[in-house]
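In terms of my numbering, the sequence shown opens at residue 10 and continues consecutively.
C-beta atoms are modelled at their ideal positions from N, C-alpha and C, and glycine is treated no differently.
Reviewing the structure listed below.
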Amino acid sequence: KAGRLAPWSEKAALGEAKAAEALGEFLRSESGYRRSVALNPSDPVTKHELARLYLAHEDRFGGQATSKAMPLLEAALAQNPYYAEIRNDLGVARLRVGDREGAVREFREAAEGRASFVDPLVNLAALALEDGDRASAASWIRRALERNPGSAPARAIASDLGLAADVAVPKP
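Shown next, in the form of structure tokens:
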């Protein structure tokens, strides 16, 4: 029991999780993240990292990946409702399970977060394009590029929309 209270155990488990993920050992990585979350359940970042492992490697975790990620993302967001990256990833997960309305809601909320984080704006533009709404897509992309002119995904969509000439390329 005393070992469960040692602060280094959580860090060791997290370090093992990240190292295993880098080596492509996803089940070992999952185990390390789960141990880290168990040792420090008040850490929303580790929950988010475990959820990202599931979302990024859905092929390795099968149909359970998104269903495993969603409660982690919801718990992490409950602990830190202003973390735009968590909210955006929850939007991605909602989209994967067919909850488009919920995904849009999460992307819109995430878009109000950190200015340089433009993923939710790009996601909203992509959904607008799927709907055939090029005007809304252009609006989301312009907003993304105002915030981060160097965003490759935003620039790619801008180019597809014929907007690339309107946006200055950032200087190195």
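CA nearest to the CA of residue i, picked from the options
i, options, result
"L130", "A137, A153, D140, A161", "A153"
"A22", "E121, T55, E118", "T55"
"K20", "V101, A84, A74, L48", "L48"
"G171", "N157, I150, G159", "I150"
"L64", "L104, A84, A93", "L104"
"E118", "Y91, F35, L36, R43", "Y91"
For residue i, three-class secondary structure by DSSP
i, result
"P158", "coil"
"P129", "helix"
"D68", "helix"
"Y42", "helix"
"G141", "coil"
"G12", "Note that G12 scores 45 on pLDDT, short of 50, meaning its location in the model is unreliable; the coordinates nonetheless yield the value given after this. Looking at G12 - three-state DSSP - the assignment turns out to be helix."
Host alpha helix (DSSP H) of residue i (start-end)
i, result
"G122", "Neither: G122 is in no alpha helix (DSSP H) and is coded neither H nor E."
"H57", "53-65"
"N97", "93-105"
"P80", "73-88"
Buried versus exposed, by CB contacts within 10 Å (16 or more), residue i
i, result
"S45", "buried"
"D68", "exposed"
"G100", "buried"
"R123", "exposed"
"G41", "buried"
"L36", "exposed"
"L32", "exposed"
"P80", "exposed"
Residue i at chain C interface by Cβ criterion, 7 angstroms
i, result
"Y42", "The structure shown contains no chain C; it is built from a single protein chain."
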